[in-house]
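Quick notes on the structure that follows.
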Amino acid sequence: MKTVSLILTTYNSGKNLASTLESIEKQDYPDIEVNIKDGGSTDDTIKMIKEYKERSRYPVNWVSRSDEGIYDAMNQGYALSGGDIIVFFNDFFYVMMLYPKWWL
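Numbering-wise, the working numbering puts 446 at position 38 of the sequence shown, and it's gapless, one number per residue.
In structure tokens:
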């Protein structure tokens with residue numbers, strides 16, 4: 409089974425992050441890793457990430473540090489990942505099936 413690396417870029421996203429992380433947990437694909445690149449948030453984003461890491465059914469890798477924009481953040485998130493399939497998204501992610509099972 410192929411591992412899907414979700415790469416989430418975020419910055420001061422406390423108001424959207426909870427629903428995003430809940431959506432990840434609702435995925436039905438079993439082999440997911442969650443990689444979060446935070447840009448050095450000053451709101452409750454870091455607290456939410458730490459709490460999510462403790463309760464997630466998926467492995468969670470994360471880092472919080474400044475970056476030089478969204479593409480730098482995406483590259484830093486990519487550096488955290490080790491999956492076969494890479495999915496980039498921002499801090500507002502809806503429940504969906506990642507991809508049809510016949511892609512595997």
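Every residue, glycine too, gets a C-beta built ideally from N, C-alpha and C.
Every value quoted in this text rests on a predicted model; they were computed, and no experiment measured them.
- Assignment of Ser449 by DSSP, reduced to helix, strand and coil, places it in the coil class.
- Taking the Cβ atoms as the reference, Asp452 lies roughly 4 Å from Gly422, within the contact range of under 8 Å.
- A Cβ-Cβ separation of about 6 Å places Ile444 in contact with Ile457 under the 8 Å criterion.
- In the structure shown, the three-state DSSP call for Thr411 is coil.
- The C-beta of Ser413 has 16 or more other C-beta atoms within 10 Å across all chains shown, which makes the residue buried.
- The C-beta distance from Val442 to Tyr466 rounds to 5 Å, short enough to meet the 8 Å contact threshold.
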